[in-house]
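For this note's numbering, add 10 to where a residue sits in the sequence shown, where the first one is 1.
We treat Cβ as the ideally placed atom computed from N, Cα and C, and that holds for glycine.
Everything numeric in this text was worked out from a predicted model, so none of it was measured.
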Amino acid sequence: MSTYAFTVVCEAADLAEHVADALSPHADALSWFEDADAPGLWRVIAYAEAAASANAFRQVVADVPGAAALASMASWEQLPDTDWVAESQARLAPVHAGGFVVHGSHDRDAVADHGEPIEIEAGAAFGTAHHGTTTGCLEAITAVAQAHPDKARILDLGTGSGILAIAARRRFPGARIVASDIDPVAVFVAAENARLNGAEAIAFVEADGVNKEPIRAPAPYDLVIANILAGPLIAMSGDVVRVLEGGERAHVILSGLLDEQADDVLATYIAEGLACSSKIQRDGWTTLILARGQSTNAGA
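Below, the structure written as structure tokens:
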């Protein structure tokens with residue numbers, strides 16, 4: 011069966027991420043990266059087996075704010091007869107972060123004794139640890155666990171592939187964990203990944219925000235993880251703090267932030283009564299660890 015590649019070239023990393031997020035549910039495989047030959051340009055490549063996907067992909071990109079012009083300029087080409095889904099996965103090397111080694115099935119035998127393994131395939135949901143936001147969150151989860159190992163109720167907002175919920179299960183084995191995503195495909199993929207990694211006890215919920223009953227019922231949470239984007243994190247700051255436990259044991263991990271967006275997001279959560287206990291910066295992206303009643307200690 012023929013495979014086709016739909017390539018969108020973006021001039022900013024955040025726009026590339028938006029385009030990738032929009033295309034991901036519709037593609038058989040997807041990658042996005044900075045062009046090594048043209049620094050500052052980002053390529054989003056979506057793979058499909060149906061020639062008719064081109065028009066659908068263009069419409070998806072056209073609906074992304076700021077990307078309408080990119081849709082008409084995107085390229086569409088038929089690739090040689092190769093399993094490009096498997097090929098794209100095989101090119102993803104294991105990632106080490108926070109004591110974890112995140113890998114695909116192709117590296118299952120190669121990662122023994124190199125860290126605590128989490129197996130995640132590149133595919134229809136965001137989160138393989140090959141991105142500074144996910145890496146930062148994995149490091150943040152481990153940092154919080156080392157300082158506060160007694161977390162009992164954890165919420166992972168925008169779970170994507172489920173990788174952060176799975177990492178939280180490893181670091182807080184006795185905690186009740188709820189993980190949500192607005193995308194039903196992501197919820198299905200995350201639940202499958204949790205099963206593959208022996209973390210079936212996580213409750214995965216299709217939801218937008220925190221107001222759905224399966225999310226509200228276990229509240230208040232003593233750890234909320236949200237690897238989304240700066241805009242939604244600012245918009246939902248009040249809701250996040252509302253489901254957070256009131257004492258000093260409560261923490262929030264926020265990511266999906268370009269370095270230059272971190273201060274605006276932080277200011278919003280400071281206004282809600284939180285403070286920054288740590289800041290992790292990886293590859294142009296920032297992860298914030300917030301807590302109640304603690305002074306700012308930016309670093310890492």
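* Asked: Can you list the beta strand (DSSP E) stretches of 3 or more residues lying completely in the region 245-270, in chain order?
  -> 261-268
* **residue 73 versus 203, 289, 25 and 252, residue with shortest Cα-Cα distance** => 25
* Look at the alpha carbon of residue 205 and the alpha carbon of residue 196, and state the distance between them as a whole number of angstroms. => 14 Å
* Asked: Nearest to residue 161 by CA position, among 219, 182 and 153, is which residue?
  -> 182
* Asked: Can the beta-carbon of residue 39 be found closer than 8 Å to that of residue 57?
  -> yes
* With distances taken between CB atoms, is the gap from residue 168 to residue 238 smaller than 8 Å? -> yes
* Evaluate residue 260 with the Cβ neighbour count: other Cβ atoms within 10 Å of its Cβ, from every protein chain shown; 16 or more gives buried, anything less gives exposed. => buried
* What separation, rounded to the nearest whole angstrom, lies between the Cα atoms of residue 165 and residue 258? -> 17 Å
* To do: Could you please give the first and the last residue of the uninterrupted alpha helix (DSSP H) stretch that includes residue 278?
  => 272-281
* Compute the Euclidean distance between the alpha carbons of residue 220 and residue 234, then round it to the nearest angstrom. => 11 Å
* When you compare each of 176, 203, 218 and 270 to residue 191 by their alpha carbons, which one comes out closest? -> 218
* By DSSP, does residue 35 sit in helix, in strand, or in coil? -> helix
* **For residue 164, the first and last residue of its enclosing beta strand (DSSP E)** => 163-167
* Cα-Cα separation between residue 129 and residue 279, rounded to whole angstroms -> 33 Å
* Asked: Can you list, in chain order, the residues of its chain whose CB lies under 6 Å from that of residue 267, leaving out five sequence neighbours each side?
  -> 240, 275 and 296
* According to the neighbour-count rule (16 or more other Cβ atoms, all chains shown, within 10 Å of its Cβ), is residue 193 buried or exposed? -> buried
* Asked: Where do the N-terminal and C-terminal ends of the beta strand (DSSP E) with residue 233 fall, by residue?
  -> 233-237
* Neighbourhood of residue 146 by C-beta distance below 6 Å, restricted to the same chain and skipping five residues each side -> 265, 290, 292 and 297
* Asked: Mind pulling the beta strand (DSSP E) runs of 3 or more residues that sit fully within the region 168-246?
  -> 186-191, 213-216 and 233-237
* Going by Cα to Cα distance, which pick from 179, 81, 157 and 216 is closest to residue 170? -> 216
* To do: Mark residue 59 as exposed unless 16 or more other C-beta atoms lie within 10 angstroms of its C-beta, in which case mark it buried.
  => exposed
* Asked: Out of curiosity, what's the CA-to-CA distance linking residue 35 and residue 54?
  -> 14 Å
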